[in-house]
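Peer 1: Below is the structure I would like to discuss, written out as structure tokens.
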Amino acid sequence: MGGSEEVAQGSDGARVAVVVVGAPVGDDSAAPPPAAAAGAAPAEAAAAATGLQAMAVTVARDVEAGGLDASTSGAADEKPSWFTPKRLLVMFCLINMLNYVDRGAIASNGVNGSRQSCTGGTCTSGSGIQGDFNLNNFEDGVLSSAFMVGLLIASPIFASLAKIHNPFRLIGVGLLVWTIATAGCGCSFDFWSITICRMLVGVGEASFISLAAPFIDDNAPAAQKTAWLAMFYMCIPTGIAVGYVYGGLVGNSLHWRAAFWGESILMLPFVILGFVIKPLELKGFNHSVKTKEYGEMLNPERQDETKQGASIGVDGLAETLPHKFSISSFGKKVLTEIKHFMKDMKELLQEKVYVINVLGYISYNFVIGAYSYWGPKAGQDIYNMASADIMFGGITIVCGIFGTLSGGFILDKIDSTISNAFKLLSGATFLGAIFCFGAFCFKSLYGFIPFFSVGELLVFATQAPVNYVCLHCVKPSLRPLSMAMSTVAIHIFGDVPSSPLVGLLQDKIHNWRSTALTLTSILFIAAIFWFIGIFVRSVDRFNEQSEHDVPAVERSNLRPLLDENEEARAS
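Positions 116 to 686 (my numbering) are the ones given, in order, by the sequence shown.
What follows is the structure, given as structure tokens:
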């Protein structure tokens, strides 16, 4: 098998080797003697088949030794002009807050409203979504959880697509879907129409939930990673609280539909930015390296396919080519992605630290999800609060901000390790559960407010540490899937069933105090899971090299395998 190599100097100073693989048709000098061909070993036949398949010009970029760092090599890792870490953090925090403003707004009395009720022959008209569509408590709980259906289905899909499409652009696509869906909620005409729109809201949110935290983790200062995550997750309680107030004010002064239209308008600028500005690359993924720099034949995934084709020999290859090309390209891509997804899922579920962390997170989110939806109604019923939306919104926003930030800064202060994160998670949750449980035991509002405030302060301190564990107990290329599947788990087993189940329990016992105490006791289960995590062996894998991010040292080794002229290669 003949070949030649020409060396040229690239515009960026890097040496580019142009390797012509294969011999021209009819070149007798390249053909093996008949005797040798007849007795060729299977390995030689495979090499011949590979040569026939690789009859092309492959361009490989030779990165000089020490020229580029493994984590920042290549043009793909050059930061766009708009980028600064703080700018990225602020943008993602605002988007995250809008996501949760939507959740708070639909739970507020101004938007959610109440059913028509009749007492002693006197009937009062309903208000909000519940009044307009005449929903019972169970249907109302289903409506609050409907967006989770789209979120659960789309989260792993977006995490898988991050391997073949730029994650930053995927966030833009998700935000576009979210914007259209929230506007659709304002135009809904019955229970099923608004339920479908809420599902699409979940689809739009899925890309952001799966991919935003890894971007923040990549760009945060090393000594402040948990603190930056805390600032990001601080937007969850803040957004819900603002949503309570926003929904109450807009729903009562204008209309509940106007609240959804307002959210859609506020998100629109971020949708435009997601498609217009130059995207960032995510650690563990380098979409330009495989095909743009090395060429298609040097893509490691294509090399695996080439080896499989070579192993069946020339005759077998000729027989299979028509069959292979008869399968649609889309079908092959889908099957390949499913195979990769199942492989990644197996690796993820074998990580004990991750599984224990998510089990605790599920229990925690079961309670928080029901609190966020039923809290204003429970407070209004138990303590006769004149403005439950404002009261719960105020407590949640203050405790959410200080609690979430405190959790992040404390973990950074005591050293950000997975073991320390579990210690903080278990301790804060256990103490928070005691205070929240005690709060609902008080008959006076003046006893409830301080105890519930301290309880929420402690409970919200878990937000940054729990996500820090999800990001750092897996290798970089699995972080989007880790975040996606933790999101799927905490919702499908946590707040998706909790809202309708709490509503169903309340319909049976008609006692909000007993319902709230039963719900709060589940926080103790979360504390137990996270306490177990302290004693499980853990390794921080943040700096572990991913197969999707080819370092500079290995990049120089990606050469056409058929070229054995080492001296020419060295020159």
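Cβ coordinates follow ideal geometry from the N, Cα and C atoms, glycine included.
#1: Under 8 Å Cβ to Cβ from F657, same chain only, skipping five residues before and after it: list those, please.
#2: Residues in its own chain within less than 8 Å of I647 by CB, not counting five upstream and five downstream?
#3: Only counting the same chain, and skipping five residues up and downstream in sequence, which positions put a Cβ closer than 7 Å to that of W293?
#4: In the DSSP assignment, what residue or residues form a beta bridge with S521?
#5: Could you give the distance in angstroms between the alpha-carbon of F566 and the alpha-carbon of C302?
#6: Among the residues of its own chain, which have a CB less than 7 Å from the CB of A604, if the five just before and after it don't count?
#7: Could you tell me the distance, in whole angstroms, from the CA atom of S541 to the CA atom of I512?
#8: Have a look at K447, K538, I649, R628 and flag the residue whose alpha-carbon is nearest the alpha-carbon of A554.
#9: Do M212 and G363 come within 7 Å of each other at the CB atom, strictly closer than that value?
#10: Where F256 and M263 are concerned, what is the direct C-alpha to C-alpha distance, given to the nearest angstrom?
#11: Compute the Euclidean distance between the alpha carbons of G570 and L638, then round it to the nearest angstrom.
#12: Keeping to the same chain, check which residues put their C-beta closer than 7 Å to that of L276; ignore five residues upstream and five downstream.
#13: Taking the Cβ atom as the reference point for each residue, do A485 and L634 lie within a distance shorter than 7 Å?
#14: How many Å lie between D622 and D496 at the Cα?
#15: For a quick check, are the C-beta atoms of A599 and A274 less than 7 Å apart?
#16: Tell me which same chain residues have a C-beta within less than 6 Å of the C-beta of L395, skipping the five on either side of it?
#17: Going by DSSP, what residue range makes up the alpha helix (DSSP H) through T341?
#18: Going along the chain, which unbroken runs of the beta strand (DSSP E) with 3 or more residues stay wholly within the segment 276–336?
#19: Is W307 near the ligand FAD, judged by its Cβ being under 6 Å from some heavy atom?
#20: Buried or exposed: which applies to I624, given that a residue is buried once 16 or more other Cβ atoms fall within 10 Å of its Cβ?
#21: Tell me the DSSP secondary structure of S531 in three-state form.
#22: What are the partner residues of S270, as DSSP defines its beta bridges?
#23: Would you decide whether F550 is buried or exposed? Buried here means 16 or more other CB atoms lie within 10 Å of its CB.
#24: When DSSP labels each residue in this structure, what does G128 get in the three-state scheme?
#25: Could you tell me if T341 is buried or exposed, where buried requires 16 or more neighbouring beta carbons within 10 angstroms of its beta carbon?
#26: Going by the DSSP bridge assignment, what does S229 pair with across the sheet?
#27: By how many angstroms is the C-alpha of N281 removed from the C-alpha of T173?
#28: Among F644, I505, F507, M457, which residue has its Cα nearest to the Cα of Y479?
#29: S559 to M500, Cα distance in whole Å?
#30: To the nearest angstrom, how far is it from the Cα of V589 to the Cα of S601?
#31: Give me, in chain order, the residues of the same chain whose beta-carbon lies closer than 6 Å to that of A373; leave out the 5 immediate sequence neighbours on both sides.
#32: Hey, which unbroken runs of the alpha helix (DSSP H) at 4 residues or more fall wholly within the segment 563–631?
#33: Does DSSP put K398 in a helix, a strand or coil?
#34: Are G523 and A345 touching if we call contact CB-CB under 7 Å?
#35: Roughly how many angstroms lie between the CA atoms of V468 and P595, to the nearest whole one?
#36: What are the start and end residues of the alpha helix (DSSP H) that includes I637?
Peer 2: With the given structure in hand:
#1: By one-based count along the sequence shown, residue 657 stands at place 542. Closer than 8 Å at Cβ, skipping near neighbours: D332, L586, H587, P591.
#2: Locating residue 647 in the sequence shown gives position 532, counting from the first residue. Excluding sequence neighbours, I647 sits near I471.
#3: To locate residue 293, count along the sequence shown from 1; it is residue 178. Within the same chain, W293 has close Cβ partners V316, G319, E320, M382.
#4: In the sequence shown, the residue the question calls residue 521 occupies position 406. In the DSSP output, where bridge partners are listed per residue, S521 has none listed.
#5: Along the sequence shown, read from residue 1 onward, the residue named residue 566 stands at position 451. Along the sequence shown, read from residue 1 onward, the residue named residue 302 stands at position 187. Taking the straight line joining both Cα atoms gives about 41 Å.
#6: Here residue 604 refers to the residue found at position 489 when the sequence shown is read from its first residue. Closer than 7 Å at Cβ, skipping near neighbours: V473, I477.
#7: Locating residue 541 in the sequence shown gives position 426, counting from the first residue. Locating residue 512 in the sequence shown gives position 397, counting from the first residue. So the two alpha carbons sit approximately 23 Å from each other.
#8: Start at 1 with the first residue of the sequence shown, and residue 554 comes out as number 439. If we check each option's Cα against that of A554, R628 comes out closest.
#9: Taking the sequence shown and counting its residues from 1, the one referred to as residue 363 is at position 248. Taking the sequence shown and counting its residues from 1, the one referred to as residue 212 is at position 97. The answer is no: Cβ separation not under 7 Å.
#10: Counting from 1 along the sequence shown, the entry for residue 256 is found at position 141. Counting from 1 along the sequence shown, the entry for residue 263 is found at position 148. This sequence places Gly at residue 256; Phe is not what is there. C-alpha separation (whole angstroms): 12 Å.
#11: As a position in the sequence shown, residue 570 is number 455, starting the count at 1. As a position in the sequence shown, residue 638 is number 523, starting the count at 1. Roughly 11 Å between the two C-alpha positions.
#12: What you label residue 276 is simply residue 161 of the sequence shown in a count that begins at 1. L285.
#13: Taking the first residue of the sequence shown as position 1, residue 485 is located at position 370. Taking the first residue of the sequence shown as position 1, residue 634 is located at position 519. Yes, the pair counts as a contact, with Cβ atoms nearer than the cut-off.
#14: Stepping through the sequence shown from its first residue, residue 622 is reached at position 507. Stepping through the sequence shown from its first residue, residue 496 is reached at position 381. Straight-line Cα distance between these residues: approximately 14 Å.
#15: Position 484 of the sequence shown holds residue 599. Position 159 of the sequence shown holds residue 274. Against a cut-off of 7 Å, the Cβ pair of A274 and A599 comes out as a contact.
#16: Position 280 of the sequence shown, counted from the first residue, corresponds to residue 395. F283, listed in sequence order.
#17: Taking the sequence shown and counting its residues from 1, the one referred to as residue 341 is at position 226. Its alpha helix (DSSP H) spans residues 340–348.
#18: none
#19: With respect to the ligand FAD, the structure offers nothing, as it holds no ligand at all.
#20: Counting from 1 along the sequence shown, the entry for residue 624 is found at position 509. The Cβ neighbour count for I624, taken over all protein chains shown within 10 Å, is under 16; the residue is labelled exposed.
#21: To locate residue 531, count along the sequence shown from 1; it is residue 416. Coil, per DSSP.
#22: One-based indexing of the sequence shown puts residue 270 at position 155. DSSP, once it has assigned bridges, lists no residue as partnering S270.
#23: Working through the sequence shown from its first residue, we reach residue 550 at position 435. Counting Cβ neighbours within 10 Å, F550 comes out buried, since at least 16 surround it.
#24: Residue mapping note: residue 128 aligns to position 13 of the sequence shown, counting from 1. With a pLDDT of 43 at G128, under the threshold of 50, the modelled position of that residue is not reliable, and no figure is offered here.
#25: Counting from one through the sequence shown, the residue named residue 341 turns up at place 226. Answer is buried; the Cβ neighbour count reaches 16.
#26: Here residue 229 corresponds to residue number 114 of the sequence shown, with the count starting at 1. Its beta-bridge partners are S242.
#27: Counting from one through the sequence shown, the residue named residue 173 turns up at place 58. Counting from one through the sequence shown, the residue named residue 281 turns up at place 166. Confidence at T173 is low in this model, with a pLDDT of 37, below 50, so the placement of that residue is unreliable and no value is reported for it.
#28: Start at 1 with the first residue of the sequence shown, and residue 479 comes out as number 364. Nearest option by C-alpha distance: F644.
#29: In the sequence shown, counting from the first residue as 1, residue 559 sits at position 444. In the sequence shown, counting from the first residue as 1, residue 500 sits at position 385. Answer to the nearest angstrom: the Cα atoms are 11 Å apart.
#30: As a first step, residue 589 must be located in the sequence shown, where it is residue number 474. As a first step, residue 601 must be located in the sequence shown, where it is residue number 486. For V589 and S601, the distance between alpha carbons rounds to 12 Å.
#31: Taking the first residue of the sequence shown as 1, we reach residue 373 at position 258. Annotation for A373: V365 place their beta carbon closer than 6 Å to its own, counting only its chain and skipping 5 residues before and after.
#32: 578–587, 594–605, 611–624
#33: To locate residue 398, count along the sequence shown from 1; it is residue 283. Three-state DSSP puts K398 in coil, outside helix and strand.
#34: In the sequence shown, residue 523 corresponds to position 408, counting from 1. In the sequence shown, residue 345 corresponds to position 230, counting from 1. Yes, they are a contact pair.
#35: Along the sequence shown, read from residue 1 onward, the residue named residue 468 stands at position 353. Along the sequence shown, read from residue 1 onward, the residue named residue 595 stands at position 480. Straight-line Cα distance between these residues: approximately 17 Å.
#36: If you number the sequence shown from 1, residue 637 lands on position 522. I637 -> no alpha helix (DSSP H), and no H or E assigned at all.
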